[in-house]
Amino acid sequence: MSELEDNIKSAIPDARVSAKGFHLIRCPVCQSKAVKAGFKFEPDKIVYNCFRGSCNAKGE
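Using numbering that gives the first Met the number 0, you'd call the opening residue of the sequence shown number 0 and step up by one each time.
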């Protein structure tokens, strides 16, 4: 586990994990009241995605 992954997981300790492996949170970019975003930790990358159609927050 990388230091970045450790830091993210410690900031979202109560995040539910989806069936696809995303650690689900409220998006800080679009400030949705619902849990519509998440981090996915893969061996070679960390993925962030907001699942709201009106928000373009994504990253690898």
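Here a beta-carbon is modelled for each residue, glycine too, at the ideal position from N, C-alpha and C.
Inter-residue distance for Phe40 and Gly20 is about 8 Å (C-alpha atoms, whole angstroms). Judged by beta-carbon spacing, Lys35 lies within the 8 Å limit of Arg51, meaning their Cβ atoms are closer than that value. Cα atoms of Val16 and His22: separation of roughly 4 Å, rounded to the nearest angstrom.
For Asn48, the enclosing beta strand (DSSP E) covers residues Lys44 to Cys49. For Ile11, the secondary structure class from DSSP, reduced to helix, strand or coil, is coil.
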